[in-house]
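Visitor:
Residue numbers (this note's numbering), protein chains in the order written: chain A, 3 to 295; chain B, 3 to 295.
#1: For residue 148 of chain A, is the classification buried or exposed, using 16 other Cβ atoms within 10 angstroms of its Cβ as the cut-off for buried?
#2: Between the C-alpha atoms of residue 284 of chain A and residue 59 of chain A, what's the straight-line distance to the nearest angstrom?
#3: Based on the DSSP output, what are the partners of residue 266 of chain A in its beta bridges?
#4: Which of the three DSSP states is assigned to residue 275 of chain B in this structure?
#5: Which one of B:114, B:102 and B:12 has the shortest CA to CA distance from residue 37 of chain B?
#6: Within 8 Å of any Cβ in chain B, is that where the Cβ of residue 89 of chain A sits?
#7: Could you give the DSSP three-state label for residue 156 of chain B: helix, strand or coil?
#8: Closer than 8 Å by beta-carbon distance: list the chain B residues that pair up with residue 219 of chain A, in chain order.
#9: For residue 202 of chain B, which three-state DSSP category applies?
#10: Could you tell me which chain A residues have their CB closer than 9 Å to the CB of residue 47 of chain B, listed as they occur along the chain?
#11: Within 10 angstroms of its Cβ, does residue 249 of chain B collect 16 or more other Cβ (buried), or is it exposed?
#12: Could you pull the start and end residues of the beta strand (DSSP E) that residue 298 of chain B belongs to?
#13: Contact defined as beta carbons within less than 8 Å: I believe residue 244 of chain A pairs with residue 289 of chain A. What is the distance between those atoms, to the nearest angstrom?
#14: Identify the continuous beta strand (DSSP E) that holds residue 33 of chain B and give its terminal residues.
#15: Does residue 1 of chain B pass the burial test, meaning 16 or more other C-beta atoms within 10 Å, or should it be called exposed?
#16: Taking C-beta pairs closer than 7 Å, name the residues in chain A that residue 95 of chain B reaches, listed in chain order.
#17: Look at the Cβ atom of residue 313 of chain A, then the Cβ atom of residue 100 of chain A, and state whether they are nearer than 8 Å.
#18: Pick out whichever of B:186, B:49 and B:4 has its Cα sitting closest to the Cα of residue 102 of chain B.
#19: When you compare only the Cα positions, how much space is there between residue 112 of chain A and residue 280 of chain A?
#20: Around the C-beta of residue 185 of chain B, are 16 or more other C-beta atoms found within 10 angstroms, so that it is buried, or is it exposed?
#21: Who does residue 122 of chain A pair with in a DSSP beta bridge?
#22: Hey, how far is the Cα of residue 213 of chain A from the Cα of residue 271 of chain A?
#23: What are the partner residues of residue 191 of chain B, as DSSP defines its beta bridges?
#24: If you draw a straight line from the C-alpha of residue 218 of chain A to the C-alpha of residue 42 of chain B, how long is it?
#25: Taking DSSP's pairing of strands, which residues face residue 107 of chain B in a bridge?
#26: Counting Cβ pairs, one atom from each stretch, are 3 or more of them under 8 Å apart for the region 113-125 of chain A and the region 77-84 of chain A?
#27: Going by Cα to Cα distance, which pick from A:65, A:73, A:251 and A:93 is closest to residue 187 of chain A?
#28: Report the residue from A:215, A:282 and A:293 whose alpha carbon sits nearest the alpha carbon of residue 26 of chain A.
#29: If we ignore side chains and look at the alpha-carbon of each, how far apart do residue 146 of chain B and residue 135 of chain A end up?
#30: If contacts are defined as beta-carbon pairs under 8 Å, then residue 225 of chain A and residue 163 of chain A qualify, I think. What distance do you get, rounded to the angstrom?
#31: So, with DSSP's three-state summary, where would you put residue 186 of chain B?
#32: I'd like to know whether the C-beta of residue 264 of chain A is nearer than 8 Å to at least one C-beta of chain B.
#33: Give me the Cα-Cα distance between residue 154 of chain B and residue 277 of chain A, rounded to the nearest whole angstrom.
#34: With a 10 Å radius around its C-beta and 16 neighbouring C-beta atoms as the bar for buried, classify residue 315 of chain B as buried or exposed.
#35: With 8 Å as the threshold, decide whether the Cβ of residue 180 of chain B is near any Cβ in chain A.
#36: Can you tell me whether DSSP reads residue 172 of chain A as helix, strand or coil?
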């Protein structure tokens with residue numbers, strides 16, 4: 003298949019592009035910055051409908067990961083998050099409809115908001131409360147509407163918080179590892195009891211490939227690892243690897259509280275489940291940080 | 003109060019601007035086209051952050067009605083609806099935060115989607131399924147997030163389908179009245195059994211004024227008339243006034259199915275309830291169409 007990976011120069015996009023390439027697909031990367039990978043690199047802006055249309059025109063599948071994915075940036079610039087995450091997704095929908103491509107969309111477990119029951123499945127009400135998850139859900143809905151109103155083949159993957167090599171420097175993983183390596187104290191914001199079902203980028207990449215290669219359409223699937231790791235445990239695991247002091251600070255406003263999410267439907271529909279154990283993924287990330295800084 | 007009415011040159015915006023003016027407030031209208039009303043007219047684009055910031059800077063309240071409010075246009079151009087309805091609302095949020103204004107947002111009863119129980123109150127899950135209601139809900143959420151994360155005073159009114167003088171020519175009211183007056187048959191799309199709690203623009207204008215003048219913030223309120231009128235009844239009432247033939251055609255895709263919505267909370271919180279009886283509102287609209295074409 004000819005596959006366009008939007009956001010393919012970013013952390014998660016690189017993992018996904020790599021995985022599709024290894025599976026024998028013809029990959030092109032669409033991003034604001036040129037990609038240094040071995041694939042075709044298309045520089046463009048998701049908000050520019052012409053850029054998107056030209057890039058999508060000859061593709062069979064669009065893996066739409068490109069977004070303001072940095073929660074803190076989205077919080078500071080909600081208009082930017084709205085443009086890229088919602089209008090950008092609308093542009094992808096139009097281009098894919100015009101070119102006859104299927105879309106696999108990177109949504110997020112954060113669309114649910116405050117849990118009404120746990121584990122949360124895909125029928126749980128959606129109550130996003132931050133410009134990041136609000137705009138990611140709106141992008142998902144715009145694509146889904148293009149599916150049921152106009153026939154666009156579309157699968158949305160509601161991803162767990164991704165981690166792996168190449169993670170952004172302002173992610174909690176990188177902050178902890180970078181501090182600890184420098185011998186500085188690690189500060190946990192809040193009590194650190196809040197957990198996340200951290201999901202390895204390679205597991206997520208596999209989910210995108212399964213969704214792209216399958217015939218399913220019109221569904222949203224939680225794509226998230228089963229085990230919860232608290233921020234405190236993460237900090238302790240980092241301290242085991244790079245001994246340093248652990249301190250506690252004020253919670254960050256807008257941090258999403260923990261909630262258990264079920265990936266049962268992804269298992270039933272796609273045969274997907276997360277396979278990378280958390281500590282193995284952490285070790286891979288630590289090796290990457292040590293090797294590449 | 004100094005009040006900015008976005009979309010103030012449009013059907014609903016005119017009613018609202020008029021009502022605020024009559025209540026003694028200093029009204030300015032922000033729209034893409036110049037307003038011919040007696041208020042200050044600011045021509046600008048909601049998607050342009052500078053236009054919005056300049057218009058909002060010295061206001062106490064922003065009544066944010068400006069949107070791609072034509073459901074069919076939103077369906078044809080989802081990227082445009084995303085830009086205006088989501089990014090535009092994010093621009094309003096930023097400008098209101100910067101200028102210290104309160105925002106009263108025109109949301110819609112259509113945010114709920116398929117009813118899980120009826121009448122639907124504000125706690126009903128939101129499952130919008132069309133670019134119009136998807137982007138209107140995202141705009142509401144972006145403004146609400148600016149409220150709980152950053153202190154913006156914000157009330158969202160989830161409006162019933164509005165009618166009254168000055169209605170758009172492609173509204174079902176105008177289509178029926180215009181056809182009947184011309185002696186052409188009225189075509190009901192679907193069986194016409196689907197009902198709407200049509201809400202008169204003057205009742206809606208009063209809700210905006212109550213919300214703007216109150217101290218409440220951080221709430222969404224259904225602002226919708228209690229009585230349901232089916233499309234078939236509407237057609238029959240029009241035929242009573244301008245005798246013509248009634249025919250039936252295929253349902254329009256994307257039409258929102260009927261669902262009962264409760265305005266009880268708006269009554270409790272704002273002391274608002276709809277007061278214009280449906281037939282009285284229809285008569286006013288008919289007089290307007292006869293007088294102004």
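We put the beta carbon where it would ideally sit given N, CA and C, even for glycine. The structure displayed is predicted, hence computed values, not measured ones.
Guide: On the basis of the supplied data:
#1: With 16 or more Cβ atoms within 10 Å of its Cβ, residue 148 of chain A is classed as buried.
#2: So the alpha carbons of these two residues sit roughly 38 Å apart.
#3: As DSSP reads the structure, residue 266 of chain A sits in no beta bridge.
#4: In this structure, residue 275 of chain B counts as coil in the three-state DSSP scheme.
#5: With respect to the C-alpha of residue 37 of chain B, the residue from B:114, B:102 and B:12 having the closest C-alpha is B:12.
#6: Yes, because at least one Cβ of chain B sits closer than 8 Å to the Cβ of residue 89 of chain A.
#7: Residue 156 of chain B falls in the strand class under three-state DSSP.
#8: The premise fails here: residue 219 of chain A is roughly 15 Å from chain B at the closest Cβ pair, so nothing lies under 8 Å.
#9: Strand, per DSSP.
#10: Ordered by position in chain A, no residue passes the 9 Å Cβ test against residue 47 of chain B, which lies about 13 Å from the chain.
#11: The residue in question, residue 249 of chain B, is exposed, as its Cβ has fewer than 16 Cβ neighbours within 10 Å.
#12: The requested residue 298 of chain B does not occur in the structure, where chain B is confined to residues 3 to 295.
#13: Residue 244 of chain A to residue 289 of chain A, Cβ: 13 Å. No contact.
#14: Going by DSSP, residue 33 of chain B is part of the beta strand (DSSP E) stretching over 28-33.
#15: Nothing can be reported for residue 1 of chain B: it is not among the residues displayed for chain B, which extend from 3 to 295.
#16: In chain order: 80.
#17: Here chain A covers residues 3 to 295 and nothing more, so residue 313 of chain A does not appear.
#18: Minimum Cα distance to residue 102 of chain B is reached at B:4.
#19: Cα-Cα distance, rounded: 20 Å.
#20: Classification for residue 185 of chain B: exposed.
#21: Per DSSP, the beta bridge partners of residue 122 of chain A are A:263.
#22: In a straight line, the C-alpha of residue 213 of chain A is about 9 Å away from that of residue 271 of chain A.
#23: DSSP, once it has assigned bridges, lists B:251 as partnering residue 191 of chain B.
#24: Spanning the two alpha carbons is a distance of roughly 54 Å.
#25: Paired residue(s): B:66 and B:158.
#26: Short answer: they don't touch.
#27: Taking only the C-alpha atoms, the option nearest residue 187 of chain A is A:251.
#28: The alpha carbon of residue 26 of chain A has as its nearest neighbour, out of A:215, A:282 and A:293, the alpha carbon of A:215.
#29: A straight line joining the alpha-carbon of residue 146 of chain B with that of residue 135 of chain A spans about 13 Å.
#30: Beta-carbon to beta-carbon, residue 225 of chain A and residue 163 of chain A are separated by about 11 Å, too far to satisfy the 8 Å threshold.
#31: Residue 186 of chain B: coil per DSSP, three-state reduction.
#32: Not closer than 8 Å to any Cβ of chain B, the Cβ of residue 264 of chain A fails to qualify, so no.
#33: Distance between the alpha carbons of residue 154 of chain B and residue 277 of chain A is about 43 Å.
#34: Residue 315 of chain B lies beyond the residue range present for chain B, which begins at 3 and ends at 295; the question has no answer from this structure.
#35: Chain A, which has no Cβ nearer than 8 Å to the Cβ of residue 180 of chain B, makes this no.
#36: Coil.
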